[in-house]
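Keeping their order, the protein sequence lines are chains A and B.
Residue 160 in full-length UniProt numbering is what sits at position 160 of the first sequence, and the numbering runs on without skipping anything.
Residue 188 in full-length UniProt numbering is what sits at position 188 of the second sequence, and the numbering runs on without skipping anything.
Cβ coordinates follow ideal geometry from the N, Cα and C atoms, glycine included.
This report refers to the structure that appears directly beneath it.
Number of protein chains: 2
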Amino acid sequence: MASPAPWKQLLLTALDSNSHLKHANFIQIATVGFNGKPSNRTVVFRGFSGNSDKFQINTDLRTNKVEDIKHCPFAEVCWYFTETWEQFRINGKIDIIDGLNSSPLKLQQRETAWFESSLKSRSQYLGNAPGFPSIYDETSMKQTNLNPSTGPVDAFCLLVFDPEKVDYLNLKSNNRVVFTVSKPQSEGCKNWISKNINP
Amino acid sequence: MASPAPWKQLLLTALDSNSHLKHANFIQIATVGFNGKPSNRTVVFRGFSGNSDKFQINTDLRTNKVEDIKHCPFAEVCWYFTETWEQFRINGKIDIIDGLNSSPLKLQQRETAWFESSLKSRSQYLGNAPGFPSIYDETSMKQTNLNPSTGPVDAFCLLVFDPEKVDYLNLKSNNRVVFTVSKPQSEGCKNWISKNINP
């Protein structure tokens with residue numbers, strides 16, 4: 001059993017200190033598109049996968065970000081905590097888990113994520129394709145008819161983000177620490193090392 | 001004279017409605033590194049360049065982001081306003097203005113940006129190189145000795161970000177509008193078109 005990543009406690013403490021703010025779990029995630037240009041958008045941190053240091057993010061399979069990630073699985077999350085003035089820049093790789101995934105374990109993980117979402121969140125996946133021109137029609141009415149026991153719909157996609165480097169900056173104390181994985185991973189084990197760097 | 005970009009008033013209104021929050025002008029900017037992977041970090045919006053729709057950002061020439069931008073000048077800013085629940089995703093191109101720039105006009109712009117910064121902000125550029133291992137030494141003491149009339153130091157760099165696409169999302173009204181430049185630019189003129197899209 002791997003010991004917890006050394007930055008995880010820092011992050012959990014920041015989350016706790018900022019938990020009175022609705023936006024405390026809003027993170028910005030950067031990816032690279034087919035054209036080689038960066039994209040950046042706000043998504044919601046949905047907690048860690050079990051006891052690991054991997055993040056869960058829910059998304060609509062029809063968004064551009066899924067295409068971006070299929071093309072280039074690397075991402076950098078920027079998480080700024082507005083109350084405590086702490087920034088975490090987290091670089092890592094993303095695994096896309098949609099309804100066609102071949103792993104029964106991952107499909108189970110996706111189903112759990114679905115049922116952990118509010119009914120309001122789930123109903124968004126029944127709406128029109130995000131990013132397409134708005135046309136008011138009856139399909140948008142489907143949103144009200146979601147059965148609470150219905151499993152994940154096709155558009156529901158779980159993203160699992162696996163951190164490989166964390167750059168922590170505290171603007172109050174002016175401390176900056178970078179955490180990196182020192183050795184190649186073996187069986188999910190990571191050996192993290194930390195270094196103080198200039199802010 | 002070009003008319004103002006149609007998204008600019010939306011942004012100015014959001015800035016005004018959120019202006020009581022210290023972090024209202026903190027934005028996340030994504031770039032692509034030499035390795036083709038994305039980077040993402042918080043920077044401070046320093047206002048528009050004159051009457052244009054270009055953003056100004058101050059940075060240290062010694063940061064990785066400057067290298068990233070030299071390699072690939074494209075960036076996407078993600079700006080989330082925590083009070084009004086509005087997100088602006090702004091895609092564009094960055095111009096780097098350091099002390100070796102060949103344009104006298106740009107050098108003047110950089111000097112103005114320097115003097116518009118607080119003394120505390122300016123003194124950061126006298127510190128040790130950001131991102132390098134922390135070593136306590138006397139050079140960090142230089143920060144207290146900055147003369148207010150001294151012009152920009154070598155490490156001071158002005159970034160000018162030129163928006164080409166703006167994706168606006170209002171999470172309260174659930175409205176999303178995308179603004180794009182319809183024609184190639186001629187002499188700084190841009191013709192913006194807008195379209196309502198599904199959130």
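Starting from the C-beta of Ala129 (chain A), find all residues in its chain whose C-beta is less than 7 angstroms away, skip the five residues before and the five after it, and write them out in chain order. In the first sequence, the residue the question calls residue 129 (chain A) occupies position 129. Same-chain partners within the cutoff: Arg62.
What's the gap between the Cα of Phe26 (chain A) and the Cα of Tyr125 (chain B)? For the purposes of this step, residue 26 (chain A) is identified with residue 26 of the first sequence, where counting begins at 1. For the purposes of this step, residue 125 (chain B) is identified with residue 125 of the second sequence, where counting begins at 1. Taking the straight line joining both Cα atoms gives about 30 angstroms.
Do you know how far the Cα of Thr59 (chain A) is from the Cα of Leu158 (chain A)? Here the question's residue 158 (chain A) lines up with position 158 in the first sequence. Here the question's residue 59 (chain A) lines up with position 59 in the first sequence. Roughly 6 angstroms separates the two Cα atoms.
Close-in-space but distant-in-sequence residues of the same chain around Lys195 (chain A) (CB under 6 angstroms, 5 per side omitted): Sequence index remark: in the first sequence, residue 195 (chain A) carries index 195 (1-based). Only residues of its own chain outside the window of five on either side were considered, and among them Val178 have a CB closer than 6 angstroms to the CB of Lys195 (chain A), listed in chain order.
Going by the beta-carbon positions, is the gap between Lys54 (chain A) and Val166 (chain A) smaller than 8 angstroms? Counting from one through the first sequence, the residue named residue 54 (chain A) turns up at place 54. Counting from one through the first sequence, the residue named residue 166 (chain A) turns up at place 166. Not a contact, by the Cβ cut-off of 8 angstroms.
Taking buried to mean at least 16 other C-beta atoms within 10 Å of its own C-beta, is Lys172 (chain B) buried or exposed? For this step, residue 172 (chain B) is matched to residue 172 along the second sequence. Exposed: under 16 other Cβ atoms inside 10 Å.
Span of the alpha helix (DSSP H) holding residue 218 (chain A)? No information on residue 218 (chain A) is available, as it lies outside the stretch 1 to 199 that chain A covers here.
Are the C-beta atoms of Tyr80 (chain B) and some chain A residue less than 8 angstroms apart? Locating residue 80 (chain B) in the second sequence gives position 80, counting from the first residue. Interface residue, yes.
For Ile29 (chain A), which of A:Ile57, A:Asn170, A:His20 has the nearest alpha-carbon? Working through the first sequence from its first residue, we reach residue 29 (chain A) at position 29. Among A:Ile57, A:Asn170, A:His20, the Cα nearest to that of Ile29 (chain A) is on A:Ile57.
Can you name the residues that DSSP bridges to Ala30 (chain A)? Sequence index remark: in the first sequence, residue 30 (chain A) carries index 30 (1-based). As computed with DSSP, Ala30 (chain A) is found in a beta bridge with A:Asn40, A:Glu76.
Using a Cβ-Cβ cutoff of 7 angstroms, what residues of the region 22–34 of chain A are near chain B? List them in chain order. Against chain B - using a Cβ distance shorter than 7 angstroms - the residues of the region 22–34 of chain A are His23, Phe26, Gln28, Ala30, Thr31, Val32.
Might you give, ordered along the chain, the residues of its own chain that have their beta carbon closer than 6 angstroms to the beta carbon of Pro133 (chain A), omitting 5 neighbours on each side? Looking up residue 133 (chain A) in the first sequence gives position 133. Excluding positions up to five away in sequence, the list is empty.
Can you tell me whether Gln87 (chain A) is buried or exposed? The criterion is at least 16 other CB atoms within 10 Å of its CB, across all chains shown. Locating residue 87 (chain A) in the first sequence gives position 87, where the first residue counts as 1. Buried, by the Cβ-count rule.
Among B:Phe74, B:Arg122, B:Asn174, B:Thr150, which has the Cα closest to the Cα of Gly131 (chain A)? Here residue 131 (chain A) corresponds to residue number 131 of the first sequence, with the count starting at 1. Of B:Phe74, B:Arg122, B:Asn174, B:Thr150, the residue nearest in Cα terms is B:Asn174.
Quick one: which chain A residues come within Cβ less than 7 angstroms of Phe74 (chain B)? As a first step, residue 74 (chain B) must be located in the second sequence, where it is residue number 74. Per Cβ cutoff of 7 angstroms: Lys37, Pro38.
Going along chain A, which residues have a C-beta under 9 angstroms from Phe55 (chain B)? For this step, residue 55 (chain B) is matched to residue 55 along the second sequence. Within chain A, no residue comes near Phe55 (chain B); the closest Cβ sits about 14 angstroms away, beyond 9 angstroms.
Under 8 angstroms, Cβ to Cβ, is there at least one residue of chain B near residue 251 (chain A)? Outside the displayed span of chain A (1 to 199) sits residue 251 (chain A), for which this structure offers no information.
Taking 8 angstroms as the CB-CB cut-off, is Phe45 (chain A) touching chain B? As a working mapping, residue 45 (chain A) is identified with position 45 in the first sequence. No, no contact with chain B.
Output, in chain order, the set of chain B residues within a Cβ distance shorter than 7 angstroms of Gly131 (chain A). For the purposes of this step, residue 131 (chain A) is taken as residue 131 along the first sequence, with counting starting at 1. In chain order: Ile197, Asn198.
Mind checking Thr112 (chain A): buried by the 16 CB within 10 Å criterion, or exposed? As a first step, residue 112 (chain A) is located in the first sequence; it is residue number 112 there, counting from the start. By the neighbour-count criterion, in which 16 or more other beta carbons inside 10 Å mark a residue as buried, Thr112 (chain A) falls on the exposed side.
Using a Cβ-Cβ cut-off of 8 angstroms, state whether Gln87 (chain A) counts as contacting chain B. Taking the first sequence and counting its residues from 1, the one referred to as residue 87 (chain A) is at position 87. Answer yes: the Cβ-Cβ gap between Gln87 (chain A) and chain B drops below 8 angstroms somewhere.
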